[in-house]
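Engineer: Quick one: this structure, given as structure tokens, is what I'll be asking you about.
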Amino acid sequence: MTVSRRTVLRVLGAGAAGAAAAGALPAQARVRPTLPPDAKGLLYDSTLCIGCRACVTKCKEANELPPDARPMMGAVYDAPADLNATTKTVIQLHQEGGKSAFMKRQCMQCVDPACVTACMIHAFQKGKEGVITYEKSRCIGCRYCQIACPFNVPKFEWAKAVPKIVKCELCRHRKEGPACSEVCPRGAVVYGKTADLLAQAKRRIAAEPKRYFPKVYGETDGGGTQCLYLAPAWVSFEKLGLPDLGAEGVPQKAVGLQHALYQGMVAPAVLYAALGFVVWRNRKSQQKEEHR
Amino acid sequence: MSGPVFPVLRHPTAPLGGRILTPFFKFLVALVLVACGALAVRFLQGLGAATAMSDGYGFGLWIAFDVVVGTAVGCGGYSMAILVYVANKGQYHPLVRPAMLTGALGYTFAGASIFIDIGRYWSIWKIPLFAPSWNGSSALLEVALCVMAYIIVLWFEFSPAVLEGWRNGRNAFLRGVAESWAPRLDKAMPWIIALGLLLPTMHQSSLGTVMLLPASKVHGLWLTSFLPLLFLVNAVFLGYGAVIAEATISAFGFKRPRETALLASMGPWIAALLLLFTGLRIVDILVRGKFGLAFLPTRFAFFFWLETVLAVAPALMLLGARARASTAGLFRAGLLILAAGILYRFDTYLVAYDPGPAWTYFPSLGEMAISLGLVAGEIMIYVYAVKKFPVLSAAPAAASR
Amino acid sequence: MDCTKLVPVGATGVSRRDFLKVCTAAAAAVGLPASAAEKMAEDVAAGKKPSVIWLHFQECTGCTESLLRTTHPDVGELILDLVSLDYHETLFAAAGHQIEEALEQAMKQGAGKYILVVEGAVPLKDGGIYCQIGGKNAVDILKACADKAGAIIAIGSCASWGGIPSASPNPTGASGTPEVLKGRTVVTLPGCPANPYNLLGTALQYVTFGTLPALDDKGRPKFAYARVIHDDCPRRTHFDAGRFAQKYGDEAHRNGFCLYKLGCKGPQTHANCSLLSFGEVPGAWPIGVGHPCFGCTEKGIGFEIPLHATVDIGGLGPPATFPSVAREKPAVNPVTAGVGGAVVGAVVGAAYMATRKIGEAEEKEKQP
């Protein structure tokens with residue numbers, strides 16, 4: 012037998028040591044991003060929303076998105092069921108025990124966005140006012156952003172031969188700010204500085220504790236989001252489709268690991284040098300043996 | 004055949020020769036043609052027309068199978084290089100060259116799959132060239148760059164076989180090229196080989212990191228900070244599984260002498276890797292307190308146990324002398340290793356990944372046709388290469404010295 | 117005594133054609149077939165006029181006035197022709213003891229049969245002293261009249277649930293008829309004023325068939341109050357399309373867009389205003405003239421929520437129009453699943469066959 016027991020044990024030992032080292036790799040290898048001082052976002056108050064979908068309509072108009080035409084009750088409506096390649100915001104309904112609550116969905120503009128982490132050459136970037144921007148010319152359409160986003164926000168133009176990603180960018184092309192908040196007839200969608208919105212959301216909960224679920228979603232969830240949510244007291248955010256992500260930034264673990272392994276490319280460089288030496292030495296000895 | 008020009012080749016290799024267009028080869032051509040039809044749909048009408056991928060499942064069969072599994076199966080060259088060049092076991096050298104060929108083919112076709120899969124394929128050149136924009140946090144970028152580089156490295160590693168073929172060929176020009184380039188290549192070879200060891204270490208582990216990012220969507224039995232390490236170990240043993248299977252099939256398929264004893268001697272080492280992999284996984288799940296998930300009546304638990312059994316079974320077989328002594332037993336173990344490794348990777352990317360209740364994924368006929376076509380193409384080139392170039396060893400290799 | 121009889125306002129002499137037309141409209145409003153209209157007309161022509169006692173309490177007489185101001189045809193007159201109006205403070209020429217006597221007489225003669233129409237709220241605070249007629253408290257008059265009534269109809273929001281007199285802080289404890297007459301069936305026709313057709317339909321059905329229309333839990337006839345204004349609003353398409361008037365007189369307002377943002381209470385207000393024009397004048401209702409609905413028919417909305425405050429959308433439209441947050445996983449296409457299974461099966465099968473063949477070949481080799 013040419014692979015000796017000693018070799019096996021050595022490999023197992025090295026593997027265990029490596030595993031222990033990998034597990035102990037500090038997630039702190041990465042500084043956790045915090046809310047940019049000028050961060051802007053939306054505050055959506057589900058208790059105020061009446062489901063009129065003015066936001067959906069205006070969003071399509073402001074972003075020049077085609078209708079998502081689908082047959083319904085014998086006619087054809089622009090009635091998207093979810094965010095998709097032609098829909099950057101959508102109103103959904105949650106019903107429970109005779110009660111109902113609306114839910115507006117659009118990009119959450121995460122403080123620590125997984126899509127930006129995922130994107131290979133920064134087609135996604137956290138730009139001015141913390142808005143996550145998408146630059147088509149840098150996108151190769153790999154869709155890792157879709158995999159990474161905990162809210163399933165980035166959408167891909169599956170039906171096109173020349174596709175791109177579609178995602179809310181808080182109407183950064185409009186001087187007036189987001190179209191959805193502009194048209195909301197009830198003030199259910201408010202646009203402003205995230206810090207102010209958070210303060211306002213907390214004021215609302217404090218003023219009417221019986222009306223609201225006692226939490227502002229997005230304050231810390233998944234490392235915090237710039238778009239914040241208020242829900243009625245009788246429903247949880249999870250039922251409204253906002254996942255329980257914990258307070259740690261979604262990419263924290265993966266990026267912490269990545270940075271720990273590749274910081275300054277030191278580890279790969281050292282490994283390469285070591286491998287080069289070992290290969291050179293072993294190859295030489297093997298050749299010598301052959302010539303003998 | 005090995006002379007001073009190719010001093011690295013201590014074991015003589017030779018082209019197999021023989022007819023190319025066998026009925027089996029024609030069957031492969033048919034599969035490739037079907038895939039071409041599906042490709043036309045994909046490129047003319049978009050991904051939605053040809054695939055079952057959706058906004059929930061942005062990665063489908065092509066990424067999970069062709070890329071994530073395909074590159075790992077192509078890790079035979081990497082796995083053998085670890086044994087031969089790092090562990091200094093020169094006797095395994097006869098297995099290196101065919102493994103390098105399957106590796107080069109596997110990676111090249113994985114690259115082709117990526118090209119087919121990405122929506123904006125015409126922009127792919129930006130990934131290696133937009134260096135100032137590289138996102139150091141993106142595990143996928145790491146994978147992309149390393150895979151691109153490794154495809155080139157693999158063909159360099161395989162190139163001695165081509166140069167040798169040219170040197171012995173009739174074309175005077177190619178003979179000249181071979182004569183002048185072979186020594187230079189040989190000088191650079193240690194560093195190419197070292198690169199060929201470094202790059203898979205990097206990107207095979209990063210393929211694990213890729214699925215660590217969507218933490219909220221990956222099932223608890225798979226989601227762990229050890230994903231990179233598990234993927235790396237998995238790639239190494241998958242490589243050995245591929246080498247065993249490939250060596251056995253080519254021995255029988257081309258009616259060549261078998262290398263059973265040589266393959267069998269790697270048994271304990273491969274078994275150790277399999278046990279390390281499974282042990283690490285289970286200990287990690289226990290430490291994270293998620294083991295209860297393995298006992299719920301879910302598809303996740305089913306696939307977890309299937310993976311575990313598929314990994315432990317060949318380890319036990321390879322530790323026993325009986326399976327190692329017979330070609331069939333060894334082959335069976337090799338296939339089980341392949342199944343275990345493939346299933347783990349496939350599961351991590353597709354089964355354990357759940358974007359939420361609105362989406363289901365099962366590959367469409369078009370996706371399957373293209374994947375099958377790619378595999379068929381791969382086999383076609385392998386068959387052509389071993390018949391025309393000196394890839395496989397000319398004489399039965401000695402198992403031990 | 118004769119002088120206590122109703123003195124009709126304006127000329128009589130409605131043609132039979134007009135008469136039938138109104139009866140048909142009323143029958144349709146209540147949801148009765150056209151044949152019912154004929155029967156109504158015949159009964160009325162035959163002189164079977166039911167006795168009606170009409171009481172006024174805390175109110176503005178707007179309901180009576182709007183009833184009388186219907187012109188084409190003169191529904192007010194028709195109603196008055198249909199019934200024997202035995203007591204009505206506004207319309208009677210008589211006054212004082214004379215009229216009180218008439219009331220007593222009408223109650224005695226038509227006991228158990230007459231229709232009691234109540235207009236206005238009844239104050240209950242401090243024993244009900246804040247509204248008195250002939251020295252009697254309104255609450256007592258109402259109770260006495262209701263005791264012997266065959267049917268009780270509360271017309272207008274004041275009578276139905278309190279209306280304006282009951283608006284906060286409601287100093288007199290103004291209450292609707294159903295609150296005073298607990299346990300009795302009171303048909304409420306809220307509105308400020310109530311649509312005369314709703315009264316006509318209800319009255320005609322009672323006169324002709326002796327039955328009352330189907331009522332909801334607040335005593336409102338379902339034919340008129342089952343749906344909210346928003347459901348049948350002529351501006352609904354603008355709401356659905358997200359086109360809102362932002363302020364009075366802006367371009368959206370001039371274009372006739374949805375008035376929700378200006379405080380329209382249509383989404384919470386049950387009434388058939390948009391389906392049955394007031395006084396046969398098309399568009400003569402708040403939303404029709406560009407003002408948001410102020411919820412006059414709805415307790416808790418009208419005179420309660422500020423005029424320009426927005427309200428929740430009461431009943432959601434058909435559920436299918438809203439996508440649900442929670443959705444079921446779509447099923448896997450059985451064809452692709454089958455093909456996929458076949459491919460995997462073929463690979464596994466081939467692998468199995470290969471191991472067997474290799475094993476056999478090996479066996480053969482061992483035997484010399």
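Protein chains in written order, with our numbering: chain G, 12 to 303; chain V, 4 to 404; chain W, 117 to 484.
Cβ atoms here follow ideal geometry from the backbone N, Cα and C, with glycine treated the same way.
Please read all numbers here as calculations on a predicted model, not as lab measurements.
Straight-line CA distance for L157 of chain V to V142 of chain G?
Structural biologist: One C-alpha to the other measures close to 42 Å.
Engineer: By alpha-carbon positions, which one of G:N163, G:V200 and G:V177 ends up nearest to D357 of chain V?
Structural biologist: For D357 of chain V, the nearest C-alpha among the options comes from G:N163.
Engineer: K265 of chain G versus chain W: which residues are under 8 Å apart at the beta carbon?
Structural biologist: Rather than Lys, the amino acid found at residue 265 of chain G in this sequence is Ala. Residues of chain W passing the Cβ test: none, with the nearest at roughly 26 Å.
Engineer: Hey, would you say C274 of chain W sits closer than 8 Å to I280 of chain W, going by beta carbons?
Structural biologist: A contact, by the Cβ cut-off of 8 Å.
Engineer: Could you say which of G:P44, G:L286 and G:A112 lies nearest to L202 of chain V if we only look at CA atoms?
Structural biologist: Nearest of G:P44, G:L286 and G:A112 to L202 of chain V, Cα basis: G:L286.
Engineer: To which residues of the same chain is D287 of chain V closer than 7 Å at the C-beta, ignoring the five residues directly before and after it?
Structural biologist: The residues are T227 and F229.
Engineer: Who are the near neighbours of D56 of chain G in its chain, counting only those whose CB is closer than 6 Å to its CB and skipping five residues on each side?
Structural biologist: Counting only Cβ-Cβ distances below 6 Å, and skipping sequence neighbours, we find A199 and L241.
Engineer: Going by DSSP, name the residue or residues bridged to E107 of chain G.
Structural biologist: Answer is G:K110.
Engineer: What are the start and end residues of the beta strand (DSSP E) that includes S390 of chain W?
Structural biologist: Careful: S390 of chain W lies outside any beta strand (DSSP E) and carries neither H nor E.
Engineer: For a minimum of 4 consecutive residues, which ranges assigned as the alpha helix (DSSP H) are wholly contained in the stretch 186 to 269 of chain W?
Structural biologist: Within the stretch 186 to 269 of chain W, the complete alpha helix (DSSP H) runs of at least 4 residues are 191 to 198, 212 to 225 and 254 to 263.
Engineer: Cβ of D333 of chain W less than 8 Å from any chain G Cβ?
Structural biologist: Not one chain G Cβ lies under 8 Å of D333 of chain W.
Engineer: With a threshold of 8 Å between beta carbons, is A38 of chain G in contact with chain W?
Structural biologist: Because A38 of chain G sits at a pLDDT of 47, beneath the cut-off of 50, its placement in the model cannot be relied upon, and the point is left open.
Engineer: Using 8 Å for Cβ pairs, my map puts F373 of chain W next to R359 of chain W. What's the rounded Cβ distance?
Structural biologist: Right, their Cβ atoms sit about 4 Å apart.
Engineer: State the beta-bridge partners of S253 of chain V as determined by DSSP.
Structural biologist: S253 of chain V is not bridged to any residue.
Engineer: By the DSSP assignment, the alpha helix (DSSP H) with G282 of chain V in it spans what residues?
Structural biologist: Here the alpha helix (DSSP H) through G282 of chain V covers G270 to V290.
Engineer: Would you call Q237 of chain G buried or exposed, if buried means 16 or more other Cβ atoms sit within 10 Å of its Cβ?
Structural biologist: Classification for Q237 of chain G: buried.
Engineer: Only counting runs of 3 or more residues, tell me where the beta strand (DSSP E) segments fall wholly within the stretch 131 to 200 of chain G, in order along the chain.
Structural biologist: With a minimum length of 3 residues, the continuous beta strand (DSSP E) runs that stay inside the stretch 131 to 200 of chain G are 135 to 137 and 143 to 145.
Engineer: So that I know if they touch, is there some Cβ in chain G lying closer than 8 Å to that of G418 of chain W?
Structural biologist: No, G418 of chain W does not count as interfacial toward chain G.
Engineer: Looking at C-beta atoms only, is the number of pairs between the stretch 71 to 87 of chain V and the stretch 257 to 265 of chain V that lie closer than 8 Å three or more?
Structural biologist: No, the stretch 71 to 87 of chain V is not in contact with the stretch 257 to 265 of chain V.
Engineer: Could you list which residues in chain V have their beta carbon closer than 9 Å to that of A453 of chain W, in chain order?
Structural biologist: F365, listed in chain order.
Engineer: For the stretch 58 to 88 of chain V, list every residue whose C-beta sits within 7 Å of some C-beta in chain G, in sequence order.
Structural biologist: Flagged, chain order: D58, G59, G61, F62 and Y88.
Engineer: Does any residue of chain G have a CB that is nearer than 8 Å to the CB of D428 of chain W?
Structural biologist: Closer than 8 Å: yes.
Engineer: Below 8 Å on the Cβ atoms is my guess for Y283 of chain G versus A41 of chain V; work out the distance and round it to an integer in Å.
Structural biologist: The Cβ separation is near 40 Å, so there is no contact.
Engineer: Determine which residues of the stretch 261 to 293 of chain G have a Cβ less than 7 Å from any Cβ of chain W, and write them out in chain order.
Structural biologist: Listed in sequence order: no entries.
Engineer: What residue range does the alpha helix (DSSP H) around V386 of chain V cover?
Structural biologist: Run containing V386 of chain V: L368 to K391, per the alpha helix (DSSP H) assignment.
Engineer: Checking 8 Å against the spacing of the C-beta atoms, do F257 of chain V and L19 of chain V come in under that value?
Structural biologist: Yes; because the gap between Cβ atoms is below 8 Å, this pair is in contact.
Engineer: If contacts are defined as beta-carbon pairs under 8 Å, then L181 of chain G and K69 of chain G qualify, I think. What distance do you get, rounded to the angstrom?
Structural biologist: Not confirmed; about 14 Å, so no contact.
Engineer: Of all the options V:G344, V:Y60, V:V37 and V:T204, which has the alpha carbon lying nearest to the alpha carbon of A152 of chain V?
Structural biologist: Measuring from the Cα of A152 of chain V, the nearest candidate turns out to be V:T204.
Engineer: Of all the residues that make up the stretch 97 to 115 of chain V, which are near chain G by a beta-carbon distance shorter than 9 Å?
Structural biologist: The residues in question: there are none.
Engineer: How would you call G179 of chain V, buried or exposed, if buried means at least 16 neighbouring beta carbons within 10 angstroms?
Structural biologist: Exposed.
Engineer: Runs of 3 residues minimum, wholly inside the stretch 261 to 314 of chain W: which ones carry the beta strand (DSSP E) assignment?
Structural biologist: The stretch 261 to 314 of chain W contains these whole beta strand (DSSP E) runs: 267 to 271 and 302 to 305.
Engineer: Could you check the C-alpha separation between L177 of chain V and R183 of chain G for me, to the nearest Å?
Structural biologist: Approximately 59 Å, taken between the alpha carbons.
Engineer: Compare the C-beta of T186 of chain W against all C-beta atoms of chain G and say whether one is closer than 8 Å.
Structural biologist: So no, T186 of chain W is outside the interface.
Engineer: Output the distance between the C-alpha atoms of G61 of chain V and A361 of chain W, rounded to the nearest integer angstrom.
Structural biologist: Going by the C-alpha atoms only, they are around 41 Å apart.
Engineer: Which runs of the alpha helix (DSSP H), 4 residues or longer, sit entirely within the stretch 51 to 102 of chain G?
Structural biologist: Counting only runs of 4 or more, we get 65 to 73.
Engineer: Are E381 of chain V and G199 of chain V close, meaning C-beta to C-beta below 8 Å?
Structural biologist: Going by C-beta atoms, E381 of chain V is not nearer than 8 Å to G199 of chain V.
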